[in-house]
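Engineer: In my numbering, the protein residues as written are 2 to 191. Virtual Cβ for every residue (Gly too), placed ideally from N, Cα, C. Got a structure here, written out as structure tokens. Questions coming.
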């Protein structure tokens, strides 16, 4: 089981991100985090598509003594830099994370894949709920009705995926166009 705690910091010139982000240069001998040996970049990915280039790096180290999260084995810094195709910077994000997975079980490459996989859930499920099924626009707020509607949306998405609809918007139009189609989706053919 992956236990991640992530704090996204929109980076400009972030020199430290722990309890706080310092966007000012550190003065020698002044306050700041204890310094140790630099942590090397363990894994880099380059992706090009959708009119942009993304560079992701991850730095992983064993959890320092005194880390306040129970059962933490590793800590990591994941950075993502996005450029347009002409290499003009569009965004830069730094994510700090902790995990209970040991270095023997999960190296930097696998850890980066697991973090990216967390976003695939957001893109696959929550985006469909928000955009296609209008969950955020829903005005139902009383008693258990919001939870019941969320379960119904989940069942609708699951039923359409079982029928091999990869595009849920297209699947909802398919169910709308013929009254027999929702019955087929529920296994109640006429």
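CB of residue 137 to nearest heavy atom of the ligand GTP: below 7 Å?
Structural biologist: No copy of the ligand GTP appears in this structure; indeed no ligand is present at all.
Engineer: In whole angstroms, what separates the C-alpha of residue 162 from that of residue 169?
Structural biologist: Counting from one through the chain shown, the residue named residue 162 turns up at place 161. Counting from one through the chain shown, the residue named residue 169 turns up at place 168. Approximately 8 Å between the Cα atoms of the pair.
Engineer: Which whole-angstrom value is the C-beta distance of residue 62 and residue 40, which I expect to be below 8 Å?
Structural biologist: Taking the first residue of the chain shown as position 1, residue 62 is located at position 61. Taking the first residue of the chain shown as position 1, residue 40 is located at position 39. 5 Å between Cβ atoms; contact.
Engineer: Starting from the Cα of residue 57, find the closest Cα among 92, 51, 70 and give me that residue.
Structural biologist: On the chain shown, position 56 is the one that residue 57 refers to. Ranking the options by Cα distance to residue 57, first place goes to 92.
Engineer: Looking at the secondary structure, which residues open and close the alpha helix (DSSP H) in which residue 175 lies?
Structural biologist: Numbered from its first residue, the chain shown carries residue 175 at position 174. From DSSP, the alpha helix (DSSP H) with residue 175 extends over 169-178.
Engineer: Taking residue 187 and residue 160 to be in contact with their CB atoms under 8 Å, please state how far apart those CB atoms are, rounded to whole angstroms.
Structural biologist: One-based indexing of the chain shown puts residue 187 at position 186. One-based indexing of the chain shown puts residue 160 at position 159. Going by Cβ atoms, the distance from residue 187 to residue 160 rounds to 7 Å, so yes, they are a contact pair.
Engineer: Residue ranges of each beta strand (DSSP E) run of no fewer than 3 residues wholly in the region 78-113, ordered along the chain?
Structural biologist: Entirely contained in the region 78-113, the beta strand (DSSP E) runs reaching 3 residues are, in chain order, 90-100.
Engineer: Report the three-state DSSP secondary structure of residue 135 (helix, strand or coil).
Structural biologist: Start at 1 with the first residue of the chain shown, and residue 135 comes out as number 134. DSSP places residue 135 in coil when its eight states are reduced to three.
Engineer: Roughly how many angstroms lie between the CA atoms of residue 46 and residue 88, to the nearest whole one?
Structural biologist: Numbered from 1 along the chain shown, position 45 holds the residue referred to as residue 46. Numbered from 1 along the chain shown, position 87 holds the residue referred to as residue 88. For residue 46 and residue 88, the distance between alpha carbons rounds to 16 Å.
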